[in-house]
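**Student:**
Numbering (full-length UniProt numbering), first residue to last: 1 to 427.
(1) Could you tell me the distance, in whole angstroms, from the CA atom of residue 229 to the CA atom of residue 25?
(2) Taking 8 Å as the threshold, find out whether the stretch 374–389 comes into contact with the stretch 76–90 through three or more Cβ pairs.
(3) Would you mind sorting residue 430 into buried or exposed? The rule is 16 or more other CB atoms within 10 Å of its CB.
(4) From the DSSP secondary-structure annotation, give me the bridge partner or partners of residue 175.
(5) Between which two residues does the beta strand (DSSP E) carrying residue 434 extend?
(6) Decide if residue 99 is buried, meaning its Cβ has at least 16 other Cβ atoms within 10 Å, or exposed.
(7) At the 7 Å Cβ level, is residue 306 part of the contact set with chain D, yes or no?
(8) Can you give me the Cβ contacts of residue 171 inside the same chain, cut-off strictly under 7 Å, excluding the 5 residues immediately before and after it?
(9) May I ask you to verify whether the stretch 321–330 touches the stretch 262–280, counting CB pairs closer than 8 Å and requiring at least 3?
(10) Please state whether DSSP places residue 38 in a helix, a strand or coil.
(11) Report the residue from 67, 60, 174 whose alpha carbon sits nearest the alpha carbon of residue 274.
(12) In this structure, what does DSSP give as the bridge partners for residue 200?
(13) What separation, rounded to the nearest whole angstrom, lies between the Cα atoms of residue 447 and residue 165?
(14) In this structure, how does DSSP classify residue 331 when only helix, strand and coil are distinguished?
(15) What separation, rounded to the nearest whole angstrom, lies between the Cα atoms of residue 64 and residue 162?
(16) Can you tell me which of 202, 343, 315, 359 puts its alpha carbon nearest to the alpha carbon of residue 426?
(17) Within 10 Å of its beta-carbon, does residue 126 have 16 or more other beta-carbons around it, so buried, or fewer, so exposed?
(18) Specify the secondary structure class of residue 352 as computed by DSSP and reduced to three states.
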């Protein structure tokens with residue numbers, strides 16, 4: 001079977017909403033730039049509070065990382081909660097931990113409220129220790145989250161093997177707050193919900209200029225201009241053009257995935273039988289999950305678009321054979337890559353570079369839940385002006401030094417590690 005370059009989530013979301021290209025002039029309370037999870041969450045919550053809203057998308061809703069990620073509905077960030085409080089300070093860090101700890105519940109509530117068909121599973125996620133150091137890290141994370149009242153549990157022994165489907169993992173941290181979904185279907189559902197509430201959505205409408213005109217903002221495209229009292233910049237890793245400094249406040253990284261054909265035999269059903277999504281504790285991590293049709297999805301950091309199909313297939317075979325050697329030969333069906341906005345300290349940033357203009361970047365790979373929370377927080381802040389609605393305070397824009405070099409070094413490191421996996425030097 002040839003390995004196709006195709007996003008599985010797009011294939012499984014045939015009813016993606018389409019919107020017209022923006023032309024002419026329009027006046028609204030809030031203009032949202034970017035129809036990903038953050039922008040659409042903002043649009044929904046702004047409309048729920050009575051604001052008139054338009055959303056300008058350079059491509060199509062879900063085009064970026066929002067529709068191309070692993071689909072883990074995670075609580076918290078990649079880094080541990082104690083590290084978050086160390087990075088932001090105890091007061092701000094504890095508020096962020098609380099808001100992101102409750103983030104899966106917000107996603108679930110939106111899915112329920114607006115009837116979004118996105119293959120949602122609410123059975124949690126599994127963070128899997130690949131060695132003794134990883135197990136020690138998970139024991140520390142378990143203690144940190146339990147101090148904060150989170151329903152997490154470290155599985156070991158037979159319970160761990162039964163939950164993960166592999167003997168290669170000695171311990172796995174089960175987070176019952178979390179879950180999995182089809183991210184393109186979730187994003188498309190948010191777009192449909194926003195439009196149903198009266199937000200005006202426009203595809204194929206990249207912003208070319210943003211400028212202050214009196215007391216309002218002029219958001220310009222090639223074919224028109226939106227006049228808005230307030231603007232939400234929600235383009236994150238997919239920010240395009242020279243009209244904003246936002247793209248200089250992160251460095252882009254990539255994440256690729258490889259999906260099998262549907263697997264429905266007894267051996268395949270041993271893999272993550274509880275429906276959880278998972279990822280391991282390797283520095284260059286591997287993610288593992290199943291979809292609603294039984295496909296096995298493997299992913300890792302790196303740009304799959306720059307790797308030949310034989311390399312991606314060899315990598316997927318190596319990871320599958322390491323963790324699940326009891327499977328028969330796996331036919332790998334498709335592969336795709338998404339872009340991630342990284343920051344040097346792995347912490348996100350919120351910006352308010354001018355009154356009525358808010359922006360975000362640096363989800364560092366946690367876009368489903370973090371984007372949903374930030375979109376709602378921006379809406380609440382713009383409606384009532386209370387900074388307590390935000391998960392963290394606004395920060396000044398400080399461009400990341402040597403953005404291109406950082407991205408290149410990350411990619412080289414990821415590629416060398418994956419080559420070592422293919423050659424069975426490392427796993």
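C-beta atoms are modelled at their ideal positions from N, C-alpha and C, and glycine is treated no differently.
**Tutor:** The answer reads as follows:
(1) One C-alpha to the other measures close to 14 Å.
(2) no
(3) Since the displayed the chain opens at 1 and closes at 427, residue 430 lies outside it and no answer follows.
(4) 125, 152
(5) Because the chain spans 1 through 427 in this model, residue 434 falls outside it and cannot be assessed.
(6) buried
(7) Note that chain D does not occur in the displayed structure, where there is just one protein chain.
(8) 129, 135, 138, 154, 155, 156, 160
(9) Verdict: yes, contact present.
(10) helix
(11) 174
(12) 54
(13) Within the shown structure, residues of the chain are numbered from 1 to 427, placing residue 447 beyond reach of any answer.
(14) coil
(15) 35 Å
(16) In terms of Cα proximity to residue 426, the closest of 202, 343, 315, 359 is 315.
(17) buried
(18) When DSSP states are grouped into helix, strand and coil, residue 352 belongs to the strand group.
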